[in-house]
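A quick write-up on the structure given underneath.
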Amino acid sequence: MKKYLEILLRSPLFRGITAEELERLLPCLGGGVRHYPAGAAILLAGSPAGQMGLVLSGRARVVREEFSGSRSLLAELEPGELFAETFACAPALPGGLPVSVLAVEDCDVLLLSLGRVVGVCANACPFHTRLVQNLLGVLAEKNLALNRRMLHLSRRSTREKLLSYLSEQAALAGGRSFSIPFGRQELADYLCVERSAMSAVLSRLRAEGVLETNRNQFRLLCLPEEEL
């Protein structure tokens with residue numbers, strides 16, 4: 001676990017907790033590190049809720065698969081990011097987890113039981129309370145991110161959804177130039193649109209001088225006021 005100490009200290013879950021405190025805290029949480037090869041399922045839809053995870057290395061993805069076979073991308077996970085914490089807080093979900101977490105690359109993951117995270121610490125760790133407060137903060141931030149995504153999805157056309165998302169990313173980056181964590185198919189899945197339709201919209205926006213793009217790098221040049 002020591003080789004992942006820096007990653008853990010950067011995680012919002014352990015914000016404000018020192019390296020020494022963290023080393024004392026981890027045994028209380030009863031978590032274990034597991035390795036998943038690229039393409040493997042870390043958590044499968046339908047399995048019992050109650051566990052949450054933290055990516056230590058590699059990259060993972062949270063997806064929702066419909067009965068029809070279509071797939072929606074809900075989140076891209078980098079080292080230090082949490083997943084399934086919301087569902088772990090509602091372990092009585094009918095049908096189990098509604099999403100799957102898949103390894104995009106070879107991943108090392110710290111899996112934690114929510115009961116050990118929010119329960120009373122047998123060792124009476126003074127920093128365990130801070131951990132619970134951090135978890136509440138993570139849940140609040142995830143809720144805000146979900147609300148932002150719903151704002152994009154509420155737009156009527158593929159063009160409006162795309163511009164809503166790209167405008168948000170520019171605002172978060174603090175400038176017109178920014179990168180996004182998605183490839184074209186992942187972006188289409190995130191916005192719940194057809195990739196071909198989205199690609200056509202991107203081509204038109206480039207032709208109109210609205211934006212420049214190179215793979216996942218974007219630069220917004222102008223944005224008509226009615227599309228803000």
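Mind the numbering: the sequence shown is residues 1 to 228 in full-length UniProt numbering, read in order.
The beta carbon of each residue, even a glycine, is placed where N, CA and C say it ideally should be.
- By the C-beta density criterion, T158 is buried, having at least 16 other C-beta atoms within 10 angstroms.
- Within the same chain, and ignoring the five residues on either side of L44 in sequence, the residues whose Cβ sits closer than 6 angstroms to its Cβ are S100.
- Here G53 is buried, its C-beta having at least 16 other C-beta atoms within 10 Å.
- Secondary structure of V104 (DSSP, three-state): coil.
- The shortest C-alpha to C-alpha distance from E21 to any of L9, G32 and G31 is the one to L9.
- Under the 10 Å beta carbon count, P27 is surrounded by fewer than 16 other beta carbons and is classified as exposed.
- In the DSSP annotation of this structure, G46 is not part of any beta strand (DSSP E), being labelled neither H nor E.
- For R15, no beta strand (DSSP E) run applies, since DSSP gives it neither H nor E.
- When DSSP states are grouped into helix, strand and coil, F127 belongs to the coil group.
- Remark: C-beta atoms of R219 and E212 approach each other more closely than 7 angstroms.
- Rounded to the nearest angstrom, the Cβ distance from L114 to A88 is 4 angstroms, consistent with a contact under 8 angstroms.
- When C-beta atoms of the stretch 148 to 167 are compared with those of the stretch 187 to 199, three or more pairs fall below 8 angstroms, so the two segments count as touching.
- Only residues of its own chain outside the window of five on either side were considered, and among them A103 have a CB closer than 6 angstroms to the CB of A40, listed in chain order.
- By the beta-carbon neighbour count (other beta carbons within 10 angstroms, threshold 16), P48 is exposed.
- H152 and V132 have their alpha carbons spaced roughly 31 angstroms apart.
- Residues of the same chain with their beta carbon placed closer than 6 angstroms to that of R206 are lacking, with the five preceding and five following residues left out of the count.
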